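**Student:** The sequence shown maps to residues 67 to 277 in the numbering used here. A virtual CB, placed ideally from N, CA and C, is assigned to each residue, including glycine. Predicted model, so just to flag it, every value in this text is computed and none were measured. I'd like to ask you about the structure that follows.
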Amino acid sequence: MDANQTDFENPFAMDADCENCAELCGARDRVVHGYGDVGAEFLVVGTGPTEAAERNGVPFTGAGGGERVQSIFADLGFVRSAPDAAEPDVQNLFFTNLTRCRHPDREPTDREVDTCEPFLNAEIRMINPQIIVPVGDRPLRELAVEYTTRRPDSFDVDAEHATTIRGRGFELVPMKEPSEMSDAEADAFCDHMRENVLSRDYRQTKGRQSR
Numbered sequence: 067m068d069a070n071q072t073d074f075e076n077p078f079a080m081d082a083d084c085e086n087c088a089e090l091c092g093a094r095d096r097v098v099h100g101y102g103d104v105g106a107e108f109l110v111v112g113t114g115p116t117e118a119a120e121r122n123g124v125p126f127t128g129a130g131g132g133e134r135v136q137s138i139f140a141d142l143g144f145v146r147s148a149p150d151a152a153e154p155d156v157q158n159l160f161f162t163n164l165t166r167c168r169h170p171d172r173e174p175t176d177r178e179v180d181t182c183e184p185f186l187n188a189e190i191r192m193i194n195p196q197i198i199v200p201v202g203d204r205p206l207r208e209l210a211v212e213y214t215t216r217r218p219d220s221f222d223v224d225a226e227h228a229t230t231i232r233g234r235g236f237e238l239v240p241m242k243e244p245s246e247m248s249d250a251e252a253d254a255f256c257d258h259m260r261e262n263v264l265s266r267d268y269r270q271t272k273g274r275q276s277r
């Protein structure tokens, strides 16, 4: 192992049996916490685990949206594994969600998002990212309302996709939901990252290794 690399250990593994949301506890297969490089400068936040991500135990993995996100960040140089990898090989990147559990029939409620908020806040404090990528409208609104001074009703992921929003302590680079993103929009996101974010040399010198 490289001297600058460290093994990733999920700091929330002790909460794998969380029972704070009674309905989700009966519906989920497992709790899906964040995954990736805990020294990362880039944090990717979705709404909640998909069926494939729940099966793998890793956010943003599996057929469909997971593979698309993996492919986009591989194109940008953050992922060194195939898009269908169950445990991606990532550097300078951490994947997580607003909520840790999946309900098979519906999106998470506001209360469930609020209940999981301490996990996300702890990850943000632990990782201290330079850039947060909210994937989808709900993560954008939750994070932007918390970390910017704009009005809650001023956020729209369709309009903000592939742009940079200045936040308190970091910047937000929103991405549309992978299932709703055209190839041109995926290219636009990559182009914006290369030309307006990575060009500022956010490459880190801290430990980099997925779990």
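Can the beta-carbon of T127 be found closer than 8 Å to that of P154?
**Tutor:** Contact flag set, yes.
**Student:** Tell me, please, whether the segment 215 to 223 touches the segment 185 to 198 by the rule of three or more beta-carbon pairs shorter than 8 Å.
**Tutor:** No, the segment 215 to 223 does not touch the segment 185 to 198.
**Student:** Which one of H227, E243, G235 has the shortest CA to CA distance from D257?
**Tutor:** It is H227 whose Cα lies nearest to the Cα of D257.
**Student:** Run through the DSSP bridge pairs and tell me what Y101 is partnered with.
**Tutor:** Looking at the DSSP assignment, Y101 forms a beta bridge with F161.
**Student:** Quick one: Cα of G130 to Cα of E243, how far?
**Tutor:** If you take the alpha carbons of G130 and E243, they lie about 11 Å apart.
**Student:** Taking A250 as the reference, which of N86, A93, I138, R121 has the closest Cα?
**Tutor:** For A250, the nearest C-alpha among the options comes from I138.
**Student:** Just to confirm, is the Cβ distance from F255 to I197 under 8 Å?
**Tutor:** Cβ distance not < 8 Å, so F255 and I197 don't count as in contact.
**Student:** Name the two residues that bound the continuous beta strand (DSSP E) containing F185.
**Tutor:** It is not in any beta strand (DSSP E) - F185 instead sits in the alpha helix (DSSP H) that spans 176 to 193.
**Student:** So P200 is in the beta strand (DSSP E); what residue range does that whole segment cover?
**Tutor:** Looking at the DSSP string, the run of the beta strand (DSSP E) that includes P200 is 197 to 200.
**Student:** Between P149 and P200, which are expected to be in contact by the criterion C-beta below 8 Å, what is the C-beta distance as a whole number of angstroms?
**Tutor:** With 8 Å as the limit, P149 and P200 do not qualify as a contact, their Cβ atoms being about 21 Å apart.
**Student:** Where does E133 fall in DSSP's three states?
**Tutor:** Residue state, collapsed to three classes: helix.
**Student:** Using DSSP with H/G/I as helix, E/B as strand and the rest coil, what is T72?
**Tutor:** Summary for T72: the model assigns pLDDT 37, below 50, so the residue's position carries little reliability; its value from the coordinates is reported in the next sentence. Here T72 sits in coil by DSSP.
**Student:** Going straight from the alpha carbon of T116 to that of N262, what length do you get?
**Tutor:** So the alpha carbons of these two residues sit roughly 30 Å apart.
**Student:** Flag this pair as yes or no: are the beta carbons of N86 and T181 separated by less than 8 Å?
**Tutor:** The answer is yes: Cβ separation under 8 Å.
**Student:** Can you name the start and end residues of the beta strand (DSSP E) that V111 belongs to?
**Tutor:** Residues 108 to 112.
**Student:** Check whether the Cβ atoms of D103 and N187 sit closer than 8 Å, and answer yes or no.
**Tutor:** Cβ distance not < 8 Å, so D103 and N187 don't count as in contact.
**Student:** Leaving out five residues before and five after T229 in sequence, what residues of the same chain have Cβ atoms less than 8 Å from its Cβ?
**Tutor:** V239, P240, H258.
**Student:** Does DSSP put R168 in a helix, in a strand, or in coil?
**Tutor:** If DSSP states are grouped into helix, strand and coil, R168 belongs with coil.
**Student:** Buried or exposed: where does C91 fall if 16 or more other Cβ atoms within 10 Å of its Cβ makes it buried?
**Tutor:** Exposed, since its Cβ has fewer than 16 Cβ neighbours within 10 Å.
**Student:** Any idea what DSSP makes of L238, helix, strand or coil?
**Tutor:** Strand.
**Student:** Is the distance from the Cβ of E246 to the Cβ of R168 below 8 Å?
**Tutor:** No.
**Student:** Less than 8 Å separating the beta-carbons of T175 and T113?
**Tutor:** No, Cβ-Cβ distance for T175 and T113 is not below 8 Å.
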